[in-house]
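In the UniProt record's numbering, the protein residues as written are 1 to 270.
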């Protein structure tokens with residue numbers, strides 16, 4: 001399925017005013033299970049750092065929701081948000097200027113070739129990006145070169161345990177823009193170490209509760225929106241019905257340990 005056109009339609013619908021854009025971010029925070037996992041990791045990382053002059057790279061910033069979250073955690077932090085798409089960068093730049101979030105700078109960059117000339121960043125965040133990039137080790141090397149010693153990279157990406165909703169060799173990715181269906185949990189850690197990182201940790205997300213929640217809150221609505229834009233009218237009522245269950249399922253997934261899962265949360269330190 002072509003996921004990007006659906007994202008563009010949603011972005012345009014909620015981009016009429018800054019209030020609607022903030023509402024969109026809040027809805028993403030509620031609906032997207034990966035956001036629950038990322039926010040949990042960011043809160044843990046941020047302990048004792050909110051008054052420090054931290055530098056952060058949002059590597060593949062998309063709609064800008066994670067830059068928005070990070071920039072609200074501390075006005076002492078400076079965030080560089082990069083994306084390969086001109087329209088995303090221009091859109092986010094305009095919105096952040098309107099709301100006065102001056103500690104974020106948006107810039108068009110290709111992660112395959114982009115690296116800072118000096119060791120700059122304390123944190124690199126990469127959410128649902130690496131499954132779109134074939135030259136992943138080159139990107140990891142660029143992250144490593146651009147980070148300060150002791151800095152951390154935090155990655156969210158599909159796993160090979162059914163990531164992209166692929167469960168067999170004959171199936172194709174639910175989201176066709178992916179260049180890989182998911183990472184093996186050891187594979188991505190080995191690639192990070194080959195890029196220079198000294199220590200890695202990884203765990204599964206989207207375990208049994210998360211897989212059910214993802215289908216109810218994301219997959220089925222996206223399929224219906226892809227079939228007909230009339231579903232926009234029904235969508236609020238659909239979520240009123242299913243979201244209480246998704247809320248519980250997201251909490252269980254974020255706070256549980258899963259022997260397997262369709263997502264990965266990966267951390268590595270320089």
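The beta-carbon is built from N, C-alpha and C at its ideal position, and this holds for glycine as well.
CB-CB length for residue i against residue j, believed under 8 Å
| i | j | result |
| --- | --- | --- |
| residue 211 | residue 157 | Contact doesn't hold; Cβ gap of about 16 Å is too wide. |
| residue 66 | residue 125 | 6 Å |
| residue 111 | residue 133 | 6 Å |
| residue 189 | residue 137 | Not a contact, Cβ separation roughly 12 Å. |
| residue 115 | residue 146 | 5 Å |
| residue 64 | residue 81 | 6 Å |
| residue 233 | residue 123 | That belief does not hold up - the Cβ atoms of residue 233 and residue 123 are roughly 41 Å apart, past 8 Å. |
| residue 61 | residue 83 | 5 Å |
| residue 238 | residue 196 | About 46 Å; that fails the 8 Å criterion. |
Where residue i sits in the DSSP three-state scheme
| i | result |
| --- | --- |
| residue 166 | Here the model assigns residue 166 a pLDDT of 45, short of 50, so the residue's position is not dependable, and the following value carries that caveat. Here residue 166 sits in coil by DSSP. |
| residue 220 | helix |
| residue 201 | strand |
| residue 242 | helix |
| residue 227 | helix |
| residue 46 | helix |
| residue 193 | helix |
| residue 53 | coil |
| residue 250 | helix |
| residue 35 | helix |
| residue 26 | helix |
| residue 210 | helix |
| residue 16 | coil |
One or two residues paired with residue i in a DSSP bridge
| i | result |
| --- | --- |
| residue 158 | 263 |
| residue 179 | None; residue 179 has no bridge partner. |
| residue 268 | 153, 200 |
Could you name each continuous beta strand (DSSP E) segment of 3 residues or more that falls completely within the UniProt domain "Methyltransferase" (56-151), going from the start of the chain to the end? DSSP runs (the beta strand (DSSP E)) wholly in the UniProt domain "Methyltransferase" (56-151): 78-83, 104-108, 121-127.
For the stretch 91-107 and the stretch 12-32, state whether three or more C-beta atom pairs, one from each stretch, are separated by less than 8 Å. As far as the Cβ criterion goes, the stretch 91-107 touches the stretch 12-32, which means the pair count is three or higher.
Decide yes or no for the touch test of the stretch 138-154 against the stretch 243-250: beta carbon pairs closer than 8 Å, at least 3 of them. No, because fewer than three Cβ pairs between the stretch 138-154 and the stretch 243-250 fall closer than 8 Å, the two stretches do not touch.
Check whether the stretch 223-241 and the stretch 178-186 are in contact - that is, three or more C-beta pairs closer than 8 Å. Counting C-beta pairs with one atom in each stretch, the stretch 223-241 and the stretch 178-186 have fewer than three that are closer than 8 Å, which means they do not touch.
When you compare the stretch 30-37 with the stretch 248-259, are there three or more beta-carbon pairs, one atom per stretch, that lie closer than 8 Å? Yes, since at least three Cβ pairs between the stretch 30-37 and the stretch 248-259 fall closer than 8 Å, the two stretches touch.
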